[in-house]
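Novice:
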Amino acid sequence: MKIKPLVEKEITRFEPGKVFTYRDLTPYLSNPETTVKAVSRLVKNGDIKRFAKGQFYRPRKGMFGEMQLSDTEKLKTFMFQNGERRGYVTGTGLYNRLGLTTQVPKTITIASDKSPQRKNLGTVEVKLVKAKAPVSESNREYLEILDVLSNIKKIPDSTPSEVLKVIANKLNNIEKNGLYKIVNLAGFYSPVTRALLGLLIAETNKILAENLKVQLNPTTRYRVGLDSYWDKADEWNIE
């Protein structure tokens with residue numbers, strides 16, 4: 002069977018408004034050059050749209066004609082590669098989702114393995130920053146928690162003590178195996194981040210907390226600005 006009809010048939014199975022790449026097309030594996038030509042022809046004919054190099058989508062039809070690609074779908078192209086998660090939203094966008102700030106960012110910050118850069122996508126601007134650790138679907142939530150702890154003094158609308166209470170609740174819902182993972186990932190972060198994590202898990206898992214404590218310099222003090230609610234903070238040299 003000719004490649005062009007195969008490519009066209011596969012593309013019709015993609016949901017309109019969802020981005021796909023050459024690698025999502027089965028013929029590309031055995032006939033990459035012919036597949037690329039077939040896709041280029043479909044773009045030229047207006048059957049599909051090119052979002053970026055090697056990324057395409059079937060346009061959705063609305064009451065007033067073709068609809069633009071959604072911001073959510075645009076952002077996904079920076080967070081997933083070949084179906085695998087490689088990035089996640091961090092910064093103010095993350096703090097807003099967790100209820101730590103009411104601010105809605107004009108620029109969405111994404112942590113990934115890509116080189117730092119800025120992208121203006123028309124309806125949304127993206128700032129790519131280097132993730133501190135390798136990103137996967139299974140560790141995304143843990144990296145988000147560590148990012149919040151790492152930037153605890155920079156979060157608008159919330160005091161460090163308020164932030165810790167929110168993160169403490171999230172940690173209480175993480176199983177023991179998950180705590181092991183987040184402690185291991187904390188090794189990619191700053192000492193103050195590890196100290197804050199240790200403070201939060203010390204009551205529920207003393208062994209893991211001790212693993213964090215031995216990584217810290219016992220003479221270093223961490224000025225975070227916690228209130229008296231955190232009466233064990235001094236044990237972690239946190240002020």
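What the sequence shown shows, in this note's numbering, is residues 2 to 240, in sequence order. Beta carbons are placed, not taken as given, at the ideal position from N, Cα and C, and that holds for glycine.
Cβ of T91 within 9 Å of Cβ of E145?
Specialist: Their beta carbons are under 9 Å apart, which means T91 touches E145 by this criterion.
Novice: Using a threshold of 9 Å, state whether the C-beta atoms of T22 and P28 are closer than that.
Specialist: No, the Cβ-Cβ distance between T22 and P28 is not below 9 Å.
Novice: S151 bridges to which residues according to DSSP?
Specialist: Answer is none; S151 lacks a bridge partner.
Novice: Under the rule that 16 or more other beta-carbon atoms within 10 Å means buried, what is T124, buried or exposed?
Specialist: Answer is exposed; the Cβ neighbour count stays below 16.
Novice: Would you give the residue range spanned by the beta strand (DSSP E) that A53 belongs to?
Specialist: Counting along the chain, the beta strand (DSSP E) containing A53 begins and ends at 50-53.
Novice: Applying the criterion that 16 or more other CB atoms from any shown protein chain within 10 Å of the CB defines a buried residue, is A234 buried or exposed?
Specialist: Per the 10 Å Cβ criterion, buried.
Novice: Going along the chain, which residues of its own chain have a beta-carbon closer than 7 Å to the beta-carbon of T102, five neighbours each way excluded?
Specialist: So the qualifying residues of the chain are T93, Y96, I156, P157, D158, S159.
Novice: Considering just the uninterrupted stretch of the alpha helix (DSSP H) at M80, what are its terminal residues?
Specialist: Taken as a continuous stretch (DSSP letters only), the alpha helix (DSSP H) holding M80 covers 72-80.
Novice: Run the CB neighbour count on L172, radius 10 Å, all protein chains shown included, and call it buried at 16 or more, exposed below.
Specialist: Classification of L172: buried, given that the 10 Å Cβ count is 16 or more.
Novice: Is the beta carbon of Y89 sitting closer than 9 Å to the one on A112?
Specialist: It is a contact, given that the beta carbons lie within the stated cut-off.
Novice: Once DSSP output is grouped into helix, strand and coil, what is the label at A187?
Specialist: A187: helix per DSSP, three-state reduction.
Novice: Should the stretch 169-183 be called in touch with the stretch 220-229, which here means at least 3 C-beta pairs below 8 Å?
Specialist: No: the two stretches stay apart, fewer than three of their Cβ pairs being nearer than 8 Å.
Novice: Would a C-beta distance cut-off of 9 Å place A169 and I239 closer than the cut-off?
Specialist: Their beta carbons are not under 9 Å apart, which means A169 does not touch I239 by this criterion.
Novice: Which parts of the stretch 116-160 are runs of the beta strand (DSSP E), unbroken and 3 residues or longer, counting only runs that do not cross its ends?
Specialist: Correct list: 118-121, 126-131.
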